[in-house]
Amino acid sequence: MNRSQRIPPWLLLCAAALVVLGCNRAEQTDVSVIGTVTAAGAPLSGAVITLEPIAPTGGPNASVAVFDGRFRIGSDADLRGGRYRARVSMIPIEIRQSIPANAVQSMPSGDVVIDPRFDANSELVCELNVGQANRLDFSVDYLPIHQVKR
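Each residue of the sequence shown is one higher than the last, beginning at 324 in the numbering used here.
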């Protein structure tokens with residue numbers, strides 16, 4: 324290559340910067356979720372919903388409280404677009420004691436748990452999309468605590 328055919332160093336630097344910015348852009352997310360959870364036909368309170376990415380979807384899990392049947396996961400949770408497993412579990416009794424009394428009144432009694440089909444062995448799967456508010460609505464069942472296999 325003669326001198327007139329060389330690529331100017333500033334052009335190489337700009338190209339490298341664009342490649343780096345392009346790679347980082349792929350990692351950025353704008354995924355938010357709003358939704359509801361009902362149990363026995365009524366809004367669920369005193370639960371936690373967790374979204375876990377299903378391969379090949381990457382990124383972190385996100386867990387938030389469910390009260391009055393509603394939950395919200397903001398874009399600050401860094402969820403990616405893709406498939407997720409949703410798990411719904413009751414807030415443990417030990418933690419319930421620190422929840423304000425008015426919130427506890429709407430919670431189910433301590434002698435029921437969420438059916439494992441929606442918790443440990445969850446069958447709830449959803450698809451989240453980048454750049455839009457994703458709406459998720461789930462209906463789960465209770466089991467008496469004495470019916471749960473340990």
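Just so it is clear, CB atoms sit at the ideal spot from N, CA and C, and this is done for glycine as well.
Quiz item: Is V411 closer than 8 Å to D437 when the C-beta atoms are compared?
Solution: As a working note, residue 437 is residue 114 in the sequence shown. As a working note, residue 411 is residue 88 in the sequence shown. The sequence given here places Ile at residue 437; Asp does not occur at that position. Yes, the pair counts as a contact, with Cβ atoms nearer than the cut-off.
Exercise. Out of R395, I377, D442, point me to the one whose CA is closest to R403's CA.
Key: Position 80 of the sequence shown, counted from the start, is the residue given in the question as residue 403. The residue from R395, I377, D442 with its alpha-carbon nearest to that of R403 is I377.
Self-check item: Beta-ladder partner(s) of V463, from DSSP
Solution: Here residue 463 refers to the residue found at position 140 when the sequence shown is read from its first residue. In the DSSP assignment, V463 is bridged to A362.
Quiz item: Counting pairs of beta carbons, one from the region 389 to 396 and one from the region 364 to 373, are three or more of them closer than 8 Å?
Solution: As far as the Cβ criterion goes, the region 389 to 396 touches the region 364 to 373, which means the pair count is three or higher.
Practice problem: Starting from Q470, follow its DSSP beta bridges and name the residues at the other end. | Solution: Stepping through the sequence shown from its first residue, residue 470 is reached at position 147. In the DSSP assignment, Q470 forms no beta bridge with any residue.
Quiz item: Nearest CA to the CA of D464: which residue from R440, Q455, L451?
Solution: Your numbering for residue 464 matches position 141 in the sequence shown. Measuring from the Cα of D464, the nearest candidate turns out to be R440.
Quiz item: What does DSSP give as the partner residues of S355 in its beta bridges?
Solution: The sequence position of residue 355 within the sequence shown is 32, counting from 1. DSSP lists A456 as the bridge partner or partners of S355.
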